[in-house]
Every structure is written in structure tokens, then in C-alpha cells.
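Asks:
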Amino acid sequence: MTQEAHVTQGPLTTEAGAPVADNQNSETAGIGGPVLVQDQALLEKLAHFNRERIPERVVHARGAGAYGTFTLTRDVSQWTRAAFLSEVGKETETFLRFSTVAGNLGSADAVRDPRGFALKFYTEEGNYDLVGNNTPVFFIKDAIKFPDFIHTQKRDPYTGSQEADNVWDFWGLSPESTHQVTWLFGDRGIPATLRHMNGYGSHTYQWNNEAGEVFWVKYHFKTDQGIKNLTTEEANRLSGVDPDSHQRDLREAIERGDFPSWTVQVQIMPAADAATYRFNPFDLTKVWPHGDYPPVEIGKLELNRNPENIFAEVEQSIFSPAHFVPGIGPSPDKMLQGRLFAYGDAHRYRVGINADHLPVNRPHATEARTNSRDGYLYDGRHAGSKNYEPNSFGGPAQTGRPLWQPVPVDGTTGNHEAPSHAEDDDFVQAGNLYRLLSEDEKARLIDNLAQFIAKVSRDGIAERAVNNFRRADGDFGERLEDAVQALRA
Ligand code: NDP
Numbered sequence: 003m004t005q006e007a008h009v010t011q012g013p014l015t016t017e018a019g020a021p022v023a024d025n026q027n028s029e030t031a032g033i034g035g036p037v038l039v040q041d042q043a044l045l046e047k048l049a050h051f052n053r054e055r056i057p058e059r060v061v062h063a064r065g066a067g068a069y070g071t072f073t074l075t076r077d078v079s080q081w082t083r084a085a086f087l088s089e090v091g092k093e094t095e096t097f098l099r100f101s102t103v104a105g106n107l108g109s110a111d112a113v114r115d116p117r118g119f120a121l122k123f124y125t126e127e128g129n130y131d132l133v134g135n136n137t138p139v140f141f142i143k144d145a146i147k148f149p150d151f152i153h154t155q156k157r158d159p160y161t162g163s164q165e166a167d168n169v170w171d172f173w174g175l176s177p178e179s180t181h182q183v184t185w186l187f188g189d190r191g192i193p194a195t196l197r198h199m200n201g202y203g204s205h206t207y208q209w210n211n212e213a214g215e216v217f218w219v220k221y222h223f224k225t226d227q228g229i230k231n232l233t234t235e236e237a238n239r240l241s242g243v244d245p246d247s248h249q250r251d252l253r254e255a256i257e258r259g260d261f262p263s264w265t266v267q268v269q270i271m272p273a274a275d276a277a278t279y280r281f282n283p284f285d286l287t288k289v290w291p292h293g294d295y296p297p298v299e300i301g302k303l304e305l306n307r308n309p310e311n312i313f314a315e316v317e318q319s320i321f322s323p324a325h326f327v328p329g330i331g332p333s334p335d336k337m338l339q340g341r342l343f344a345y346g347d348a349h350r351y352r353v354g355i356n357a358d359h360l361p362v363n364r365p366h367a368t369e370a371r372t373n374s375r376d377g378y379l380y381d382g383r384h385a386g387s388k389n390y391e392p393n394s395f396g397g398p399a400q401t402g403r404p405l406w407q408p409v410p411v412d413g414t415t416g417n418h419e420a421p422s423h424a425e426d427d428d429f430v431q432a433g434n435l436y437r438l439l440s441e442d443e444k445a446r447l448i449d450n451l452a453q454f455i456a457k458v459s460r461d462g463i464a465e466r467a468v469n470n471f472r473r474a475d476g477d478f479g480e481r482l483e484d485a486v487q488a489l490r491a
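Just remember that this note's numbering sits 2 ahead of the position in the sequence shown, which is counted from 1.
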């Protein structure tokens, strides 16, 4: 639907539906006199305007979204009993919200930042949210570090600007970030459009089948449009002349019927492999090399319908990694475990306790049957039905079957570091990424990093940061050090 199709019939009214006589002149006491408090159309209009904003997301504030269809192309029932993944050819309605991470709601699209890739599947067993990014890894591996990390990306409390000192201080002192930082400052750090980038579930998740067998999985969404990126110079220019470039590109592509699509793949690890795999398979700073667990193609995601109201459907859309369906569940990934709490908490604060029941958020292929009631903006959807369980009035009952399978645990409680696996370290995969780049890509990566590191003012911070890249790859470190020194000379 295009915007021209939205035509409203009848006169302008107040919020209560009464006709408005004059929307140009306030009611005054005499010609040129003061405005009267009885002009409720005026007062209501001003009061509503003051309340048009809700708290913006602390991260992923700037977003664009579209509805689409996920089609299963391969039988995966040997690995999961999820109903929407049960039959080849089955289609499931989806909503995908793209975002940048650090910028505010009004910031430019064409910036160097990871992109959120938050996907809601409206399945017949409830909504399944896969809240991913356009990168397969992340800067940190434990959610307890997330607020500190984001504070370094956002504006400094004293200067009011993002500070290179803060960014590189944190990254240098958090060597597990080396892999993601290498990825971010490479060509893929600024996608040309939202259509020309991959999406990744990033975390490891559990799939379980009818027999109760457990598999660990990672999701990949490979763009069918091909990967296209912007150089730093192109992005800087575009951010100035067209801050909404990515949002507009997505909407216009869908309006002209040029529906973007992604081929969906999963890497699948039998549960028994996890303990002895060469990397900790639940470490969000690491990928599973394709040679170890080859991606299996399972479906196609197509975006084919624009939202009709950005605020209602994009700003008020909520996603939570805790929204699982039968056959899919969490892994012990410590970042994921933190996100299972943080997303729902953010939405309850930002949109309210009834956010799940807004049209974009509520299940489309089934209905929510809870005994939760009331709260701000409750719509009375339960009418007079009983609000407790168990009850003798035919109310909904528990199934007795968990969505996911239990996993064994051992040891003692404590603030443990993740278990170490043979090849766990913070640098090996960053080095692998560097070594797969072409010479041109390496040169741009080094220049992008050096331009930013050269802005650091505090002694020791730049050196520590460069040293992390040296530990990933000697050539990487040497060239970066030279580039930083040349810029500072
Ligand atoms: P793999 O064969 O497992 O992975 C190679 C993958 O690297 C490609 O499939 C592609 O991912 C990705 N890639 C290619 N060029 C770039 C680039 N310029 N920037 C970012 N990613 C790129 O080899 P390795 O196990 O040796 O992995 C090497 C590195 O590849 C990893 O350390 C990781 O940084 C990166 N990578 C790995 C992925 C994985 O799941 N194993 C996924 C994405 C990146 P894609 O096919 O998704 O486009």
C-alpha cells in the first residue's frame, strides 16, 4: 500500500470525536484578547503533542522495518520439532527490524556500526524472535560488561561527545573484542543498504527434536542481493546529504516490488560435541568455522510489505530473545542469558506492560492465553473470562512439556570465566579474518582503524589497542602501528 491510499473521511475532530470548528485560530476573550481555557481542542492538541515521544531504545534506537515471509525449503524435523519448521514449503509471516546500535533515533543511517537484524516469526505456536545482527560475533562475551561497553560507544558524560579515548580504552582492555572490531572496521562495517548485508543469529541456540535429542545451532541469513558496502568517504558524504538513506532504500525497494530476500542457513552441532569442541561453542566472540560445521540451507526469507505507520509498527515493535517456541531454546551463552532478561525489561519500561498486545507484537497465527490482566492501556481482550489457573471454567491449562530440553550442569556457583577449550583465545579468529581479506581490503581496514586510533590522547591506550591486533596477526599489528604513527607525525 502506498501513502496515497490513506484517505480519511469526515470532518476533523477532537480525540473524543467531536467536530472541530476552527483549527487555525484559538478561542480568545475578544479580538486580540487572551486565550480561553475552555478552548479544549487547543489544550488537548498541545498536550498530546507534548506526549508524542516514548523513551527511545538505549541501543538500537534508529530502525527500519518490514513484513515478510519465511518459507521452509528443507525438512529439518530430525533436528527440531518447531511447528513452523515442520513441513517443506510451509510459509510463516515475519517482521524484521533493522537498526544501528549506538546512534540516537535521529542519527544517520550510513555509519560504521553493527546493524541489528531482529526477526519475528508469527508462528502457530506463538511468536519466535531471533534478535540478531549483521555480524556473526560480538564485542564481549558476558552481559555483565554490556552497560560499560555501551557507555564507551555513546556520549561521554562530561564532553557530550563520543570519545576515542573511551572507545579504545575499553576495547584495548577487553581483548575479546578484537575479532568483532576487526570485522567492524573492515568493508562490511558500513553496508551500502540494509538489503545488501547478511544477518546472523550470532548466539548459539538449542534445537530439540520429537525424540528429545538436543542440537546446538547458529543461524545465517545470506543476502540474495549480494554484499555491497560503502567506503568511509562515501558513508561520510551520504550521512550528510541523506541521513535516511537506508530506511528510504528499503521502503522504496518494497514499494516497487523489488522484494529483498535472504537464503537461510543453519550450522548444526550435536550436543555431545560441545564439551570437546576446539572453541567454546557458546562464546559470542567466536564463529564456528564452516569447515567444522557446514551451513545447511533450510529456507528463504523475503520482505514484501512496508509498515503503514512507522511509530506504531517500527518504534513500538518489541523483540525478545526469550520469545521461543516448542523445539527451540537458549544455550548457556552468557551474553544470550543476559539478553533474555534485558529485552523484555526494556520494552516493559519503554512501551509498557501491554506492549505484547499491540498489532505488530501480538501473535498473528495464534492467540495469547494468559491470566495476566489490566495495566496501562489494557484493551479488555479477555472480556469476562476467569483470570486464574487452575480453574473449573474451561480456562487454558499448562501442557507439561517444556519448550526446550534440560541441559546438564556441574560444579559450584561462582563468577566463573567460561570453560576453556583447546583453541580458546581472544585473537585466533580475528587473525583468521584478517588473513582471508584481499590486500585492498586489508589496506582499507588498517586505514579505518588508524584514523580512529590516532584520535586517542591518553598515553598507553592506543599502544594497548594496537597490541591486540598484533597478537591476532603480526603483519596486521606492524602495519597498523606504522599507520597510526604516520597520522600522528
Ligand atoms: P570460514 O570458511 O568458516 O568463513 C569464511 C567466511 O568469512 C565466509 O563464508 C564469509 O561469511 C566471511 N567473510 C568473507 N569475507 C569477509 C569479510 N570481508 N568480512 C567479514 N567476513 C567475511 O573460514 P574461517 O573459519 O577461517 O573463518 C574466517 C573468518 O571468517 C572468521 O574468523 C570470521 O571472522 C569470518 N566469518 C566466519 C563465519 C562463520 O560462520 N564461520 C561467518 C562470517 C564471517 P559469509 O559466508 O557469512 O558471508
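The C-beta atom is built at its ideal place from N, Cα and C for all residues, glycine as well. Note that this is a predicted model, so its numbers are computed, not measured.
(1) Mind checking Y351: buried by the 16 CB within 10 Å criterion, or exposed?
(2) May I have the straight-line CA-CA distance separating Y69 from F187, to the nearest angstrom?
(3) I think L107 touches R64, with their Cβ atoms under 8 angstroms apart; what is that distance to the nearest whole Å?
(4) Do the stretch 317–325 and the stretch 345–365 make contact, defined as three or more Cβ pairs closer than 8 angstroms?
(5) Going straight from the alpha carbon of P177 to that of D428, what length do you get?
(6) Please find out if some non-hydrogen atom of the ligand NDP comes closer than 7 angstroms to the beta-carbon of V219.
(7) Could you give the DSSP three-state label for A66: helix, strand or coil?
(8) I need the DSSP call for A84, collapsed to helix, strand or coil.
(9) How is E93 classed by DSSP in three states: helix, strand or coil?
(10) Quick one: what's got a C-beta closer than 7 angstroms to A194's C-beta in the same chain, skipping five residues either side?
(11) Would the beta-carbon of N434 be found less than 7 angstroms away from any heavy atom of the ligand NDP?
(12) How big is the Cα-Cα spacing for H222 and G174?
(13) Can you tell me which residues form a DSSP beta bridge with L132?
(14) Would you tell me roughly how many angstroms separate the C-alpha atoms of L435 and H181, rounded to the nearest one?
(15) Just checking Q339 against the ligand NDP - is the residue's beta carbon closer than 7 angstroms to any of the ligand's heavy atoms?
(16) Should N200 be counted as a contact of the ligand NDP given a C-beta to heavy atom distance under 7 angstroms?
(17) Spatial neighbours of V61 within its chain, please: C-beta separation below 8 angstroms, excluding the five flanking residues on both sides.
(18) In whole angstroms, give me the CA-to-CA distance for L14 and H359.
(19) If you compare alpha carbons, which of D484, A467 and V458 is closest to Q164?
(20) Helix, strand or coil, according to DSSP, for I312 in the structure here?
(21) Return the CA-CA distance between A327 and A84, expressed in angstroms with no decimal places.
(22) Whose C-alpha, out of G476, P421 and R490, is nearest the C-alpha of F454?
(23) Please report the straight-line C-alpha distance between T75 and S88, rounded to a whole angstrom.
(24) The ligand NDP and P323: does any heavy atom of the ligand fall closer than 7 angstroms to the residue's C-beta?
(25) Starting from the Cα of A370, find the closest Cα among F343, F140, G402 and H325 and give me that residue.
(26) Taking 7 angstroms as the cut-off, is the beta-carbon of R114 closer than that to any non-hydrogen atom of the ligand SAM?
Replies: According to the data block:
(1) Here residue 351 is taken as the residue at index 349 of the sequence shown, counted from 1. The residue in question, Y351, is exposed, as its Cβ has fewer than 16 Cβ neighbours within 10 Å.
(2) The residue labelled residue 69 in the question sits at position 67 within the sequence shown. The residue labelled residue 187 in the question sits at position 185 within the sequence shown. Each residue's alpha carbon lies about 30 angstroms from the other.
(3) If you number the sequence shown from 1, residue 107 lands on position 105. If you number the sequence shown from 1, residue 64 lands on position 62. Yes, they are in contact, since the Cβ atoms of L107 and R64 sit about 6 angstroms apart, within 8 angstroms.
(4) yes
(5) For this step, residue 177 is matched to residue 175 along the sequence shown. For this step, residue 428 is matched to residue 426 along the sequence shown. Their backbone Cα atoms lie some 6 angstroms apart in a straight line.
(6) As a first step, residue 219 must be located in the sequence shown, where it is residue number 217. V219: no, Cβ never under 7 angstroms from the ligand NDP.
(7) Residue mapping note: residue 66 aligns to position 64 of the sequence shown, counting from 1. Reduced to three states, the DSSP call for A66 is strand.
(8) Mapped onto the sequence shown, residue 84 falls at position 82. The answer is coil: DSSP assigns A84 none of H, G, I, E or B.
(9) Stepping through the sequence shown from its first residue, residue 93 is reached at position 91. Of the three classes helix, strand and coil, the one that applies to E93 here is strand, per DSSP.
(10) Here the question's residue 194 lines up with position 192 in the sequence shown. K230, N231 and L232.
(11) Here residue 434 is taken as the residue at index 432 of the sequence shown, counted from 1. True, at least one ligand heavy atom lies under 7 angstroms from that Cβ.
(12) To locate residue 222, count along the sequence shown from 1; it is residue 220. To locate residue 174, count along the sequence shown from 1; it is residue 172. Going by the C-alpha atoms only, they are around 29 angstroms apart.
(13) As a working mapping, residue 132 is identified with position 130 in the sequence shown. Paired residue(s): L121.
(14) As a first step, residue 435 must be located in the sequence shown, where it is residue number 433. As a first step, residue 181 must be located in the sequence shown, where it is residue number 179. Looking at the two C-alpha atoms, the distance is approximately 8 angstroms.
(15) The residue given as residue 339 occupies position 337 in the sequence shown. Q339 Cβ: outside cutoff for every heavy atom of the ligand NDP.
(16) Residue mapping note: residue 200 aligns to position 198 of the sequence shown, counting from 1. It does: the Cβ of N200 is within 7 angstroms (strictly closer) of some heavy atom of the ligand NDP.
(17) The residue given as residue 61 occupies position 59 in the sequence shown. These residues qualify, in order along the chain: V103, A104 and I152.
(18) Numbered from 1 along the sequence shown, position 12 holds the residue referred to as residue 14. Numbered from 1 along the sequence shown, position 357 holds the residue referred to as residue 359. Distance between the alpha carbons of L14 and H359 is about 28 angstroms.
(19) Working through the sequence shown from its first residue, we reach residue 164 at position 162. Measuring from the Cα of Q164, the nearest candidate turns out to be V458.
(20) Within the sequence shown, numbered from 1, the residue matching residue 312 stands at position 310. DSSP places I312 in helix when its eight states are reduced to three.
(21) Your numbering for residue 327 matches position 325 in the sequence shown. Your numbering for residue 84 matches position 82 in the sequence shown. Here residue 327 turns out to be Val, not Ala, going by the sequence shown. Rounded to the nearest angstrom, the two C-alpha atoms are 7 angstroms apart.
(22) By 1-based counting over the sequence shown, the position of residue 454 is 452. Answer by Cα proximity: R490.
(23) Position 73 of the sequence shown, counting from 1, holds the residue named residue 75. Position 86 of the sequence shown, counting from 1, holds the residue named residue 88. Rounded to the nearest angstrom, the two C-alpha atoms are 10 angstroms apart.
(24) Locating residue 323 in the sequence shown gives position 321, counting from the first residue. Outside the cutoff, so no.
(25) Numbered from its first residue, the sequence shown carries residue 370 at position 368. The option with the nearest alpha carbon to A370 is H325.
(26) The ligand SAM is not part of the structure shown, which contains the ligand NDP as its ligands.
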